[in-house]
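Below is one structure, written out as structure tokens, with a few remarks after it.
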Amino acid sequence: AAVDTGGPTIFDKIIAKEIPSDIVYEDDKVLAFRDINPQAPVHILIIPKLRDGLTQLSKAEARHGEILGQLLYASKIVAEKEGIAEGFRVVINNGPDACQSVYHLHLHVIGGRQLKWPPG
Ligand code: 5GP
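Residue numbers (our numbering): 1 to 120.
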């Protein structure tokens, strides 16, 4: 399983627009783009443009409070834009046991179908 190396990730290239992505929302702090391997009709990733040590949620410190709030707020904006505000899920996979594969903090916004709970 992938582990946190603190090294660069594919998301750096997406932020730099060195590799293409289907961007659905962007402001000065966050970027939202469609997941390349969608698990539902709507599956969007929201990331901080500046990783600032947030390789994964468990590395969060008090100084990250503002960006963490901005990411969560952006999930609501994205859900509205995608027409799924009535029902959607926000997921953060943290670490190997949660199948995190990219070590740049990201929120998954998933919806557009009936989701199951528990997710497994
Ligand atoms: P994790 O498993 O780390 O929570 O989620 C990483 C997500 O990034 C996966 O759902 C995967 O499909 C997505 N992903 C990985 N590489 C790329 C890429 O190059 N472009 C896009 N749009 N998504 C990617």
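Yeah, the Cβ is synthetic: ideal placement off N, Cα and C, and Gly gets one too.
With 16 other CB atoms within 10 Å as the buried threshold, where does residue i fall?
i, result
"E82", "buried"
"Q56", "buried"
"S75", "buried"
"P48", "buried"
"R113", "exposed"
"T5", "exposed"
"V78", "buried"
"V30", "buried"
"H111", "What sits at residue 111 in the sequence shown is Gly, not His. So G111 ends up on the buried side."
"L107", "buried"
"L105", "buried"
"I14", "buried"
Would you say residue i touches the ligand 5GP, meaning its beta carbon is less than 7 Å from a heavy atom?
i, result
"I36", "yes"
"I46", "no"
"F33", "yes"
"S58", "no"
"F109", "Here the sequence assigns Val to residue 109, which means Phe is not the residue at that position. False, no ligand heavy atom lies under 7 Å from that Cβ."
List the endpoints of the continuous beta strand (DSSP E) containing residue i.
i, result
"E188", "Look at the range of the chain in this structure, 1 to 120, and you will see that residue 188 is not part of it."
"A32", "30 to 34"
"V109", "107 to 111"
"L45", "42 to 48"
"V78", "No beta strand (DSSP E) contains V78, which is instead part of the alpha helix (DSSP H) from 65 to 81."
In this structure, what does DSSP give as the bridge partners for residue i?
i, result
"V90", "V109"
So the alpha helix (DSSP H) residue i belongs to, where does it begin and stop?
i, result
"I14", "10 to 15"
Let me see if you follow: with CB-CB separation under 8 Å, is residue i close to chain C or not?
i, result
"A16", "Absent from the structure: chain C. Only one protein chain is present."
If contacts are defined as beta-carbon pairs under 8 Å, then residue i and residue j qualify, I think. What distance do you get, rounded to the angstrom?
i, j, result
"V24", "A32", "5 Å"
"V90", "V109", "6 Å"
"A60", "L54", "6 Å"
"I44", "D52", "Not confirmed; about 21 Å, so no contact."
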